[in-house]
Amino acid sequence: MNSKLTKAAGVVSGATLLSRILGLLRDIVIAGYFGAGMASDAFFVAFRIPNLLRRLFAEGSLTIAFVPVFTEYLTKDGESAAFAFARSAVRLISILLAAAAVVGIFLAPLIVRIMAPGFMASPEKLALTITLTRFMFPYIFFIGLVALCMGILNALGHFAAPALAPVLLNLAMIVAVLFISPHLQYPVYGLAIGVLLGGLLQLLLQIPFLLRKGVVLWETAAMFHPGLKRIGRLMLPAVFGAAVYQINILVGTLLASLLPDGSVSYLYYADRLVQFPLGIFAIAVATAVLPSFSRYAAAQDNKALSETFGYAMRLVFFITIPSMVGLILLREPIIGLLFKRGAFDTQTTVLTASALFYYGIGLWAFAAVRIVVTLFYALQDTRTPVKMAAISILINMILGVTLMWPLQHGGLALATSLASMVNLYLLIRALRKKVGLIDWHEILLSVWKTLFCSSVMGLAVFFMATILIPQGHAGFGKLFGAVLGTILVGIASYAVCAFLVKSPEVYDLAKMIGGHTSPSIKDRNE
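Residue 372 in this note's numbering sits at position 370 of the sequence shown; the count goes up by one each step and never skips.
Okay, here's the thing in structure tokens:
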């Protein structure tokens, strides 16, 4: 049972890692070609608008709302009824997405003035941003359908194609900059072409895999299906939940803008590092576990639902707690290795490391919240996560204002971590009332083992860092070797300790990374 979940999480994790690496390469190519000027500013603002809609509606609430309903039809009524529902969803959502694209193109001047009011001081910059916005707004059509295909394929047990879709977007943008932009009068239009091409390629990638699963989306189907109303009811609070996250980011940025120059940047760079383990592991597990949760919820198999939830929580804690320890102990060397060059000096490195320390404290909570919220969505309860998120946002604001003066930008990072811990506590308390069979004793036992092994790893990392990592200025090659060597020692010490204390998650993680199945774990899970 859980071996399939581990394999699925491994697929999503590997694809996410590849996408993150190509995303970094994409940013390097864009920066090298366009630098920081009018064209790049116009593009980033124009691309942010459909990208925001993607996060709020397409990849966020649409997938979350669709998978549980589709899985219920699949479980109770069979593939024929589920596929008919999927075809109806594709038809109606295609019309809605096309209408949204047309409206966005028409309202682009107003949208740009709201999103970037400072651009009105430069008519040329404003006009370029409006043109790029209009050109890229159809991206929401492609990525919305990709999200729907992702929900169908994930529910049917296929994760590779949806997880690899962002890779095609990054590749398309890189190719566009290198081979299309040089031949255009306005090179930045080539980047916009890359975005649209990437959206189309992401959608086309899903089609063969849908056909292989027997889903033919162009067959006849009713425009209005009873299940679509349920999707609408689930989407509304889910959209608000996504908006709450955006408000949280906005509030943090606003408060940081009241602090000395650079505070916003320190938080941004630190957050990027925290998001790396979150994206590769926590989000991967959450993506993989949603169809399983939905299937057991539809079958009213609370025992399997509880066991799978416990397994996912143990695995996420097993990964994120040592990641937290490693990020905290190696925060300055890692930041120095990645960013310390040019205007990013020693003081900037130290101040960014401060933000990473306080963000790192909450890494385990950020990850666990993802899993708990996913279970609520599978139970078709989107209201409870929104209520708890709203409370945590309020707490974040209060703590942010309180801590920002004594701790500066670090106080804002600490406020975010503490608010996430409160959010996790509230969600778990609500979950215990909703699902009563979860074995919290087994989860806590696993956490204690993980904390012990993370402490052993922390000592090993501390001593190796003292020996290997040079103090003061060091060349990139020497620092890279020292940081990599310290990280490898930390991983090895953690794995050995986990093996000695008989943490089953060490085998599951090895299976996720290498695709190998340990007989003992397979027997235990199945």
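Note that beta-carbon positions come from the ideal geometry of N, C-alpha and C, so glycine has one too.
Nearest-angstrom Cα distance between residue i and residue j?
| i | j | result |
| --- | --- | --- |
| Ala-462 | Ala-497 | 12 Å |
| Tyr-313 | Val-291 | 10 Å |
| Ile-209 | Gly-153 | 13 Å |
| Ile-176 | Val-31 | 7 Å |
| Glu-528 | Ala-288 | In this predicted model, Glu-528 has a pLDDT of only 35, less than 50, meaning its place in the structure is not dependable; the value taken from the coordinates is given anyway. Those two C-alpha atoms are separated by around 20 Å. |
| Ala-17 | Gly-25 | 12 Å |
| Leu-269 | His-411 | 7 Å |
| Leu-173 | Leu-207 | 14 Å |
| Met-315 | Met-40 | 46 Å |
| Thr-222 | Gly-216 | 14 Å |
| Phe-87 | Leu-76 | 10 Å |
| Val-253 | Ile-395 | 9 Å |
| Val-190 | Phe-139 | 16 Å |
| Val-424 | Ile-393 | 9 Å |
| Val-375 | Val-276 | 19 Å |
| Phe-278 | Gln-382 | 29 Å |
| Arg-22 | Ser-419 | 23 Å |
| His-518 | Phe-137 | At His-518, the pLDDT of 43 sits below 50, so the modelled position is not reliable; the number obtained from the coordinates is stated separately. Approximately 46 Å, taken between the alpha carbons. |
| Ile-97 | Leu-130 | 28 Å |
| Ala-102 | Trp-220 | 22 Å |
| Tyr-360 | Leu-446 | 24 Å |
| Leu-64 | Leu-20 | 24 Å |
| Leu-213 | Cys-151 | 11 Å |
| Leu-236 | His-227 | 15 Å |
| Ala-83 | Phe-211 | 19 Å |
| Ile-330 | Val-485 | 13 Å |
| Arg-232 | Val-437 | 22 Å |
| Gly-477 | Pro-408 | 35 Å |
| Arg-385 | Glu-126 | 45 Å |
Enumerate in chain order the residues of its own chain whose CB-to-CB distance from residue i is below 7 Å, with the five nearest sequence positions on each side excluded.
| i | result |
| --- | --- |
| Arg-526 | Only weak support exists for where Arg-526 lies, its pLDDT of 35 falling under 50; the coordinates are left without a value. |
| Tyr-298 | Ala-306, Leu-307, Thr-310 |
| Thr-73 | Ala-157, Pro-293, Ser-296, Arg-297, Ala-300 |
| Ala-165 | Val-13, Val-14, Ala-17, Thr-18 |
| Val-327 | Ser-456, Met-459, Gly-460 |
| Met-225 | Ser-90, Arg-93, Leu-94 |
| Ile-430 | Val-374 |
Among the options, which one has its Cα closest to the Cα of residue i?
| i | options | result |
| --- | --- | --- |
| Pro-239 | Leu-429, Arg-214, Ile-66 | Ile-66 |
| Val-13 | Thr-384, Ile-145, Gly-159 | Gly-159 |
| Leu-339 | Phe-283, Gln-473, Leu-76, Leu-20 | Gln-473 |
| Ile-107 | Phe-85, Ala-123, Val-503, Tyr-141 | Tyr-141 |
| Leu-147 | Ala-299, Ile-95, Lys-435 | Ile-95 |
| Leu-470 | Leu-453, Ser-456, Thr-452, Ile-489 | Ile-489 |
| Val-352 | Ile-336, Ala-157, Thr-77 | Ile-336 |
| Phe-68 | Phe-45, Val-92, Phe-46 | Val-92 |
| Cys-499 | Trp-450, His-475, Lys-480, Gly-477 | Trp-450 |
| Phe-368 | Val-491, Tyr-427, Leu-171, Met-466 | Tyr-427 |
| Leu-198 | Ala-178, Tyr-188, Arg-214, Gly-281 | Ala-178 |
| Ala-417 | Gly-402, Lys-231, Val-437, Ile-430 | Gly-402 |
| Phe-46 | Ala-123, Ala-101, Leu-128 | Leu-128 |
| Leu-257 | Ser-183, Phe-143, Gly-364, Met-399 | Met-399 |
| Ala-421 | Asp-43, Leu-365, Ile-373 | Leu-365 |
| Ala-284 | Leu-27, Ala-44, Leu-511 | Leu-511 |
| Tyr-188 | Leu-377, Ser-42, Leu-409 | Ser-42 |
| Thr-354 | Ser-265, Ala-84, Leu-429 | Ser-265 |
| Ala-100 | Gly-80, Phe-85, Phe-143, Pro-125 | Phe-143 |
Going along the chain, which residues of its own chain have a beta-carbon closer than 8 Å to the beta-carbon of residue i, five neighbours each way excluded?
| i | result |
| --- | --- |
| Ala-38 | Because Ala-38 carries a pLDDT of 46, less than 50, the predicted location of this residue cannot be relied on, and no value is offered for it. |
| Leu-260 | Met-406 |
| Tyr-454 | For clarity, residue 454 is Phe in the given sequence; the question names Tyr instead. Closer than 8 Å at Cβ, skipping near neighbours: Cys-499, Val-503. |
| Pro-262 | Gln-410 |
Leaving out the 5 sequence neighbours to the left and right, which residues in its chain are closer than 6 Å to residue i when beta-carbon positions are compared?
| i | result |
| --- | --- |
| Gly-413 | Leu-405, Met-406 |
| Val-132 | One point to set straight first is that residue 132 is Ile, not Val, in the sequence displayed. Taken in chain order, the residues that qualify are Ala-110, Pro-111, Val-114. |
| Thr-452 | Phe-319, Phe-320, Ile-323 |
| Ala-467 | Thr-488 |
| Ser-356 | Gly-412 |
| Val-491 | Ala-462, Met-466 |
Report yes or no: is there a C-beta of chain C within less than 8 Å of the C-beta of residue i?
| i | result |
| --- | --- |
| Ala-370 | Among the chains in the structure shown there is no chain C, since it carries only a single protein chain. |
May I ask whether a heavy atom of the ligand GTP can be found less than 7 Å away from the beta carbon of residue i?
| i | result |
| --- | --- |
| Thr-348 | As for the ligand GTP, it is missing from this structure, which has no ligand bound. |
Inset, instruction - Write down every uninterrupted run of the alpha helix (DSSP H) in the region 74–109 whose length is 4 residues or greater and which is fully enclosed by it, in chain order. - result: As far as the region 74–109 is concerned, its whole alpha helix (DSSP H) runs of at least 4 residues are 81–108.
Inset, instruction - Jot down the residue ranges of each uninterrupted alpha helix (DSSP H) in the region 369–429, minimum 4 residues, whole runs only, in chain order. - result: 385–409
Inset, instruction - Kindly provide the ranges of any alpha helix (DSSP H) runs that are 4 or more residues long and lie completely inside the region 286–355, ordered along the chain. - result: Counting only runs of 4 or more, we get 304–331, 333–341.
Inset, instruction - Could you pull out every unbroken alpha helix (DSSP H) segment of at least 4 residues lying fully inside the region 150–211, listed in chain order? - result: 162–177
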